[in-house]
Amino acid sequence: MLNKVKELIKKHNITIAAHYYEKDEIFDLADLTGDSLELAKKTSSLKNPLIFCGVKFMGESAKILNPDIDVYMPRLSDCSMARMAEEAKVENNIKTLKENNIDFIPITYINSTAKTKAIVAENGGLTCTSSNAQKIIEWALAQNKRIFFLPDKNLGRNIANRLGITSAIIGEENWQDATMICFDGHCSVHQLFMPEHVEFYKERFPDIKIVVHPECSPEVVKLADFAGSTSQILNYVKENPTTPMAIGTEFNFVNRMKNEINPNIYVLSSTKPECPSMNETTLEELYKLLKAIDEGKDYNKIEVDPKIAKYAKTALQRMMELS
């Protein structure tokens, strides 16, 4: 099957993009790899068809930023965090902020639907990724605005703690007084990591470094030696290739770094922290898609409503200009 996959990729001059969280069987086939920000940049200038191996919002973003190419996905897998930010709920939250006369800029994590990005852009906002969230938020604060951050409350609160500003989840007590007002969403994978996991490793390995993604809870991030985006974690590991580490992020990514860079890496949880949506993309699903393309079928082809795409592109481009 692997040889057939490679033959069809070459036959149709297709570029394969894969997020760091993908299975090795997919990641090893990719022409382009990276985190959300890196892949948004790398795919925006492509001229040939793209198969994006990730979750649906990533494929949507690639199509929005590069509308002239065909974008496909082996699986149209939804991100659970993106689903939490239901459009009606986001619009209702924005309405509540306006009714309370709060002067704010909405910032949506790239882990959101195209419709959510469009709503944010229509209200003067933009997107961010975990790589550039602090920079985007600092820009918004420089406009003397408060921030409505969605959908990930943990990333929002962690950046707020880093910058020394107040934060609260919308609807909580005294949220009207917070500088960073967060939507009540989270990542199902990064919610798995707990303070007791940090304590477990620190007790047994006094010299171990705790490395986590800022989608983890503030309680976990406060105990970490390093917190950063997926690409920032990768760079940290490369800079410390022999240091014992317990890493709190998605399993495929952590396991790959352990096998290829630093054998002294542990997974910071008592359960296997796999992203179920990312793991839906398999070699079999990729082959199924390539056969459909070979037969002239528009199977799992990404299309975005033009009106939604227009505003969502504005949100993404505002981010790109500041990155």
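When you read off a place in the sequence shown, starting at 1, and then add 279, the result is the number in the working numbering.
C-beta: ideal position from N, C-alpha, C; glycine also.
- In this structure, Ala591 and Ile343 form a Cβ contact; the two beta carbons are roughly 5 angstroms apart against a cut-off of 8 angstroms.
- Relative to the Cα of Glu529, the nearest Cα in the group Ser510, Pro520, Pro523 belongs to Ser510.
- A direct Cα-Cα distance of roughly 44 angstroms separates Ala341 from Glu482.
- For Lys302, there is no enclosing alpha helix (DSSP H), since its DSSP letter is neither H nor E.
- DSSP, reduced to helix, strand and coil, places Ala309 outside both helices and strands of the structure shown, so it counts as coil.
- A contact between stretches requires three or more CB pairs, one per stretch, nearer than 8 angstroms, and the segment 346-365 meets this requirement with the segment 390-406.
- Leu565 and Lys377 have their C-alpha atoms some 45 angstroms from each other.
- In the three-state reduction of the DSSP assignment, Asp463 falls in the coil class, being assigned neither a helical nor a strand state.
- Around the beta-carbon of Ser409, 16 or more other beta-carbon atoms lie within 10 Å, marking it buried.
- When rounded, the separation of the alpha-carbon atoms in Asn282 and Glu518 is 35 angstroms.
- Every unbroken stretch of the alpha helix (DSSP H) spanning 4 or more residues and falling wholly within the segment 384-413 is given here in chain order: 393-401.
- Shown here, Ala319 sits in a helix according to DSSP, grouped into three states.
- Apart from the 5 residues on each side of it in sequence, Ser602 sits with its Cβ closer than 6 angstroms to the Cβ of Asn411 in its chain, given in chain order.
- Residue ranges of uninterrupted alpha helix (DSSP H) with 4 or more members, entirely inside the segment 480-545 and ordered along the chain, are 497-500, 509-518, 530-539.
- Boundaries of the beta strand (DSSP E) harbouring Ala447: 446-448, taken from the DSSP string.
- Taking C-beta atoms as the reference points, Asn372 and Phe462 count as a pair closer than 8 angstroms.
- For Ile330, the uninterrupted beta strand (DSSP E) run begins and ends at 329-332, by DSSP.
- Straight-line measurement puts the Cα of Gly404 at about 31 angstroms from the Cα of Ala503.
- Taking the C-beta atoms as reference points, Thr560 is found nearer than 8 angstroms to Cys332.
- The three-state reading of DSSP puts Ile415 in helix, counting H, G and I together.
- Val546 and Tyr480 have their C-alpha atoms some 10 angstroms from each other.
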